[in-house]
Amino acid sequence: MKTRLHPPPLRSPARCSKSPCVSNTVFCPSSLLAHAGALKVVIFFKTMQAARCPTDELSLTNCAVVNEKDLQSGQHVTVKTTPNHKFVFTVKTHHTVAPGSIAFSLPQRKWAGLSIGQEVEVANYNFDKSKQCIGAMTIEIDFLQKKSTDSSPYDSDKMAAEFIQQFNNQGFSVTQQLVFTFCDKLFGLMVKDIEAMDASILRGEPASGKKQKIDIGLMVGNSQVIFEKAESSSLTLVGKAKTKEARQTIINPEWNFEKMGIGGLDREFSDIFRRAFASRVFPPDIVEQMGCKHVKGIMLFGPPGCGKTLMARQIGKMLNAREPKVVNGPEILNKYVGESEANIRKLFADAEDEQKRLGANSGLHIIIFDELDAICKQRGTGASSTGVHDTVVNQLLSKIDGVEQLNNILVIGMTNRPDLIDDALMRPGRFEVKMEISLPDEKGRVQILTIHTNKMRGFNLLAPDVDIKELATETKNYSGAELEGLVRAAQSTAMNRHIKATSTVEVDMEKAEKLQVTRSDFMGSLNNDIKPAFGTNQEDYSNYIMNGIIKWGDPVTHVLDDGMLLVQQTKNSDRTPLVAVLLEGPPHSGKTALAAQIAEDSEFPFIKICSPDKMIGHSEISKCQAIKKVFDDAYKSQLSCVVVDDIERLLDYVPIGPRFSNLVLQALLVLLKKAPPKGRKLLIIGTTSRKDVLQEMEMLDAFSTTIHVPNISTGEQLVDSLELLGSFTDKERASIAHQLKGKRVWIGIKKLLVLIEMSLQMPADYRVTKFLSLLRDEGADRTFYE
Numbered sequence: 001m002k003t004r005l006h007p008p009p010l011r012s013p014a015r016c017s018k019s020p021c022v023s024n025t026v027f028c029p030s031s032l033l034a035h036a037g038a039l040k041v042v043i044f045f046k047t048m049q050a051a052r053c054p055t056d057e058l059s060l061t062n063c064a065v066v067n068e069k070d071l072q073s074g075q076h077v078t079v080k081t082t083p084n085h086k087f088v089f090t091v092k093t094h095h096t097v098a099p100g101s102i103a104f105s106l107p108q109r110k111w112a113g114l115s116i117g118q119e120v121e122v123a124n125y126n127f128d129k130s131k132q133c134i135g136a137m138t139i140e141i142d143f144l145q146k147k148s149t150d151s152s153p154y155d156s157d158k159m160a161a162e163f164i165q166q167f168n169n170q171g172f173s174v175t176q177q178l179v180f181t182f183c184d185k186l187f188g189l190m191v192k193d194i195e196a197m198d199a200s201i202l203r204g205e206p207a208s209g210k211k212q213k214i215d216i217g218l219m220v221g222n223s224q225v226i227f228e229k230a231e232s233s234s235l236t237l238v239g240k241a242k243t244k245e246a247r248q249t250i251i252n253p254e255w256n257f258e259k260m261g262i263g264g265l266d267r268e269f270s271d272i273f274r275r276a277f278a279s280r281v282f283p284p285d286i287v288e289q290m291g292c293k294h295v296k297g298i299m300l301f302g303p304p305g306c307g308k309t310l311m312a313r314q315i316g317k318m319l320n321a322r323e324p325k326v327v328n329g330p331e332i333l334n335k336y337v338g339e340s341e342a343n344i345r346k347l348f349a350d351a352e353d354e355q356k357r358l359g360a361n362s363g364l365h366i367i368i369f370d371e372l373d374a375i376c377k378q379r380g381t382g383a384s385s386t387g388v389h390d391t392v393v394n395q396l397l398s399k400i401d402g403v404e405q406l407n408n409i410l411v412i413g414m415t416n417r418p419d420l421i422d423d424a425l426m427r428p429g430r431f432e433v434k435m436e437i438s439l440p441d442e443k444g445r446v447q448i449l450t451i452h453t454n455k456m457r458g459f460n461l462l463a464p465d466v467d468i469k470e471l472a473t474e475t476k477n478y479s480g481a482e483l484e485g486l487v488r489a490a491q492s493t494a495m496n497r498h499i500k501a502t503s504t505v506e507v508d509m510e511k512a513e514k515l516q517v518t519r520s521d522f523m524g525s526l527n528n529d530i531k532p533a534f535g536t537n538q539e540d541y542s543n544y545i546m547n548g549i550i551k552w553g554d555p556v557t558h559v560l561d562d563g564m565l566l567v568q569q570t571k572n573s574d575r576t577p578l579v580a581v582l583l584e585g586p587p588h589s590g591k592t593a594l595a596a597q598i599a600e601d602s603e604f605p606f607i608k609i610c611s612p613d614k615m616i617g618h619s620e621i622s623k624c625q626a627i628k629k630v631f632d633d634a635y636k637s638q639l640s641c642v643v644v645d646d647i648e649r650l651l652d653y654v655p656i657g658p659r660f661s662n663l664v665l666q667a668l669l670v671l672l673k674k675a676p677p678k679g680r681k682l683l684i685i686g687t688t689s690r691k692d693v694l695q696e697m698e699m700l701d702a703f704s705t706t707i708h709v710p711n712i713s714t715g716e717q718l719v720d721s722l723e724l725l726g727s728f729t730d731k732e733r734a735s736i737a738h739q740l741k742g743k744r745v746w747i748g749i750k751k752l753l754v755l756i757e758m759s760l761q762m763p764a765d766y767r768v769t770k771f772l773s774l775l776r777d778e779g780a781d782r783t784f785y786e
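What the sequence shown shows, in the UniProt record's numbering, is residues 1 to 786, in sequence order.
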């Protein structure tokens, strides 16, 4: 046995009769014990030969195995394989190992670069327990054999306790490899990092908080073991004794919706974030302990042009995830059998492969379906005998949440027709977050207009008289796309001012340098170019009140006042989101004009007149669909007013028979009683000249209240109407008033206007006579009463 001492050298060598290797002894180890505290002692034993570990059980001990004649169990040694490479092992004795040999397991031989029969120098090694006790050790873990992998979760806390029990009082080195058995499974381990135990703790004092990395350490009972999955491992670890994975936050810290060109969707995005991303941002340890599953699907629906597609595309940029796959629904379909389903499988192939390789470490894969209703219609409703849509839906269902479910996907679907989507796709676990992207409110319109005018403002191309808030107020029920179109139209108008319209089209460069988009450009585009698809169409109801409202008496004033009360009730009351009023009265009494006036005065962003003149020639079914579409559009706005004009004509009522459309009647009864969605309010104004017919049809009960619109019934009221209209001279009106004094009349305001216009075609001397004659003829036995 040879020994070396550093420093200082001892005196002349002497032989020791106690040593088992007397022939090779230079110094006796027992003579050096007195110097152990102050000196670093390294004792080289005789050269030994590397051998194969005799049994599998011994391979799992992480010990080098020797004969009991060479060393003692539990002793720590260094094994010198080359002049510059030494490795520390804890030894264990076994009688099957030949003297002079030291046996290693396969992982140990790989780590130390040993071959069978290689000669190595083995030396004693003493741990300095004040500096080399392991405080915390991080170990990379994976299944030893890839064919034995499984998806079962393994409790890292129990695993750490088992590890400390098996390998207590053993030496470990950074990069050391070993085999560990747990729950009848073999795992390959590699030591990644060792942190020394705080010396203050060893002395029984409070921890100092100092952390020191070491290359070699001794495992003790209160050491902490932390497991970390190998990079490509599919192992699933649960519990606290695993590394807090260095997660890159899923949300890009630089995201900003306004910079991305999205405005007016703050509330919608907050709801989407809460449902779909909160669990992905939260620490995965806590998510695991809660047993929480990530949301896999988001369904965005709403009117066209409100930002569904834009929002879905920008979500991919907002997240630190794989590049989103964007696919239009019709692109999935293929004329060959099975190809449509294969296209669905291809979309999920990368996510499946990564989950198999990395398990819970897999990144997030985003798949965006635009026009989802094109491929995911209700199963069993297709007219085609091939049933392609049905099989596509089945394939998509199995991929999102089938037997082999994926947890690393987020599927975003968009549609204008959520009613067409198969119900199975909408259940929790699939597209469980359903978010309506509706028309922007005034605050949202300010954001959208600000986004689209920011660049002009930055280059001083926006005139100071342009008020974004004013434009937002004037653009009720405009979608985001329509607001962008409004800005483009205003820009075109401004640029057109600086184009010379001569024999050639040229730009006046002198004026072009001073180009600015002004308020008048926006207002001109607002009135002439861009009209909202959903909302108030002034031309729709302006024809009904082209002559204005003639307030010939208190009855008209009362109708308008009651109408405005109902408007205020609709706006302000949370208990009655649906208000339905029926204006009933004789023909030509001005019911439609009064209904249109009440609707216009309400200033609701959505006003629509459902009139029989737009449904001429429609079948019963198409008429029901047209009426339903009016109401569906109304539900998309925060405040809506629908005028259902001339109800008996909508119902195809005729007194002969009698005959009416029961299909339309039932549709109207349902729609008149159907409350709008939460947060929306609807005012319905119906008009009819046959209250008795609606009473028989049990339709009056569908209205909240009924307002009677009378005809002109006295001569004084008729004269007041003539004065308001200003059609006759003062002398003519006095003559008419004299003829009608004390008499009762019965005529509608619309009919009165017709009679007046006919009379005005006569010569001035005969106009009064003609008017009184027409009035008498029109009323027959009902016009004048003595």
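All C-beta atoms, glycine included, are put in the ideal place defined by N, C-alpha and C.
- When only Cα atoms are considered, residue 746 and residue 708 end up about 15 Å apart.
- When secondary structure is reduced to three states using DSSP, residue 153 falls in the strand class.
- Per DSSP, reduced to three states, the secondary structure at residue 624 is helical.
- A straight line joining the alpha-carbon of residue 186 with that of residue 161 spans about 16 Å.
- Secondary structure note for residue 416: it is in no beta strand (DSSP E), with a DSSP letter that is neither H nor E.
- Residue pairing of residue 280 in beta bridges, as defined by DSSP: absent, with no partner found.
- Its Cα nearest to that of residue 426, the residue 295 stands out among 522, 362, 295 and 480.
- Out of 578, 344 and 573, the CA that lies nearest to the CA of residue 685 is found in 578.
- For residue 167, same chain residues with a beta-carbon under 7 Å away, outside a window of 5 residues either side, are 62 and 219 in chain order.
- Here residue 345 is exposed. Its C-beta has fewer than 16 other C-beta atoms within 10 Å.
- When the beta-carbon positions are compared, residue 661 and residue 651 come within less than 8 Å of each other.
- Residue pairing by DSSP places residue 196 opposite 134 in a beta bridge.
- The beta carbon of residue 170 sits closer than 8 Å to those of 62, 63, 90, 218 and 219, all from its chain and outside the five residues before and after it, given in chain order.
- The C-beta distance from residue 193 to residue 174 rounds to 7 Å, short enough to meet the 8 Å contact threshold.
- With contacts defined by Cβ atoms closer than 8 Å, residue 422 and residue 395 do not form a contacting pair.
- In this structure, the straight-line span from the alpha carbon of residue 633 to that of residue 509 is close to 46 Å.
- Judged by DSSP secondary structure, residue 171 falls within the beta strand (DSSP E) whose first and last residues are 171-173.
- Excluding five sequence positions before and after residue 333, the CB atoms of its chain that fall closer than 6 Å to its own CB belong to 340, given in chain order.
- Close CB contacts of residue 216 within its chain, under the 6 Å cut and outside five residues either way in sequence, are with 88 and 173 (chain order).
- Residue 605 and residue 638 have their C-alpha atoms spaced approximately 8 Å apart.
- Residue 356 holds the alpha-carbon nearest to the alpha-carbon of residue 405 among 375, 356, 223 and 711.
- Rounded to the nearest whole angstrom, the CA to CA distance from residue 109 to residue 115 is 7 Å.
- Scanning 643, 668, 654 and 642 for the CA closest to the CA of residue 623 turns up 668.
- Rounded to whole angstroms, the Cβ separation of residue 431 and residue 298 is 7 Å, and the two are in contact under 8 Å.
- For the pair residue 455 and residue 461, the Cα-to-Cα distance works out to about 8 Å.
- Shortest Cα-Cα distance from residue 583 to any of 322, 555 and 374 involves 555.
- Its Cα nearest to that of residue 689, the residue 645 stands out among 741, 559 and 645.
- Secondary structure note for residue 583: its beta strand (DSSP E) is the uninterrupted segment 578-584.
- Apart from the 5 residues on each side of it in sequence, residue 525 sits with its Cβ closer than 7 Å to the Cβ of 486, 489, 490 and 493 in its chain, given in chain order.
- Secondary structure of residue 552 (DSSP, three-state): coil.
- In the structure shown, residue 738 adopts helical secondary structure according to DSSP, grouped into three states.
- CA-to-CA, the gap between residue 464 and residue 558 works out to about 45 Å.
- Residue burial is scored here from C-beta neighbours: residue 401 has at least 16 other C-beta atoms within 10 angstroms and is therefore classed as buried.
- Bounds of the alpha helix (DSSP H) holding residue 752 are 749-759.
- Across the structure, residue 275 and residue 322 are spaced so that their CA atoms are roughly 20 Å apart.
- When beta bridges are read from the DSSP output, residue 672 appears opposite no residue.
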